[in-house]
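Residue numbers (this note's numbering): 2 to 185. I have placed the structure first, in the form of structure tokens, so that the comments after it can refer back to it.
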Ligand SMILES: CC(C)(COP(=O)(O)OP(=O)(O)OC[C@H]1O[C@@H](n2cnc3c(N)ncnc32)[C@H](O)[C@@H]1OP(=O)(O)O)[C@@H](O)C(=O)NCCC(=O)NCCS
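Next up, the structure:
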């Protein structure tokens, strides 16, 4: 299974040993406000969700990574690719503990993940969904070069739907680089 490395972060496929940090982050109501509409996860729910993430890697060869700062032991968030339920699409997702917000980590990690999806896994399309009011997440999607495809009705909760192709991701590279203060 792959490890992905970015300028500041290292990503490792999630495994059962990730339970402690994952349960803590996923147990935070603010982190989970827009994820799954069920609120913070109980310890038991975190066990079950993590088991699902581990199974996803085994069944599909892709999945969620724990994301940690290079040189630091404990992950500060999780992100990755997974099948979007009820569709034939692969979605990119990301979530960080509050202390890690606002530093460009989501953009950095999501860029590395979709690059991996396109270049290594050979995907031709990656989608993302978010609550309409999740401005931060939608901004990350914009910066990746994702195209807004409209509102997708859900069971009681609408989601906004975005899609990305390899060509659009490449075209958006200067925007991402400029936002990080580096030369495109
Ligand atoms: C949404 C989330 C992943 C953003 O992570 P982040 O590392 O702070 O995002 P970045 O620093 O890469 O920011 C990307 C852009 O979004 C903007 N942004 C981030 N959070 C924002 C917020 N709450 N409101 C408005 N804009 C926001 C940033 O300013 C940046 O735009 P800019 O480059 O034009 O300044 C993070 O807030 C989070 O983990 N939230 C909880 C989990 C979640 O909702 N995940 C997404 C589910 S769809």
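The beta carbon of each residue, even a glycine, is placed where N, CA and C say it ideally should be. Just so we're clear, the structure is a prediction, and the values are computed from it rather than from any experiment.
Tell me the residue span of the beta strand (DSSP E) that contains residue i.
i           : result
residue 102 : Segment: none, residue 102 is in no beta strand (DSSP E) and carries neither H nor E.
residue 31  : Unbroken run through residue 31: none, as it is neither H nor E.
residue 10  : 10-14
For residue i, which residues from the same chain have a beta carbon less than 6 Å from its beta carbon, with the 5 sequence-adjacent residues on both sides left out?
i           : result
residue 35  : 132 and 135
residue 130 : 160 and 162
residue 141 : 107, 108 and 111
residue 67  : 13, 15, 19, 76 and 79
residue 3   : none
residue 188 : In the structure as shown, the chain begins at 2 and stops at 185. Residue 188 is therefore absent and cannot be evaluated.
residue 44  : 24
Taking 8 Å as the threshold (C-beta atoms), are residue j and residue i in contact?
i           : j           : result
residue 55  : residue 31  : no
residue 90  : residue 121 : no
residue 69  : residue 10  : yes
residue 64  : residue 42  : no
residue 114 : residue 155 : no
residue 168 : residue 148 : no
residue 98  : residue 83  : no
residue 1   : residue 88  : Here the chain comprises residues numbered 2 to 185, so residue 1 is not present and cannot be evaluated.
residue 138 : residue 150 : no
Which one or two residues does DSSP pair with residue i in a beta bridge?
i           : result
residue 116 : Per DSSP, none; premise fails for residue 116.
residue 78  : 68 and 97
residue 148 : 164
residue 129 : 163
residue 83  : 92
residue 153 : 160
residue 20  : Looking at the DSSP assignment, residue 20 forms no beta bridge with any residue, so it has no partner.
residue 5   : 12
For residue i, I'd like the list of residues in its chain whose CB is within less than 7 Å of its CB, leaving aside the five on either flank, ordered along the chain.
i           : result
residue 185 : Low local confidence applies: a pLDDT of 44 at residue 185 is under 50, so the model's placement there is unreliable, with the coordinate-based value given in what follows. These residues qualify, in order along the chain: 174, 175, 178 and 179.
residue 40  : 30 and 33
Which residues in the same chain as residue i place their Cβ atom closer than 8 Å to its Cβ, once the five residues preceding and following it in sequence are excluded?
i           : result
residue 157 : 38
residue 57  : 63, 64, 65, 83 and 84
residue 47  : 20, 23, 24, 27 and 28
residue 71  : 6, 9, 10 and 11
residue 116 : 170
Residue range of the alpha helix (DSSP H) that residue i falls in?
i          : result
residue 47 : 44-61
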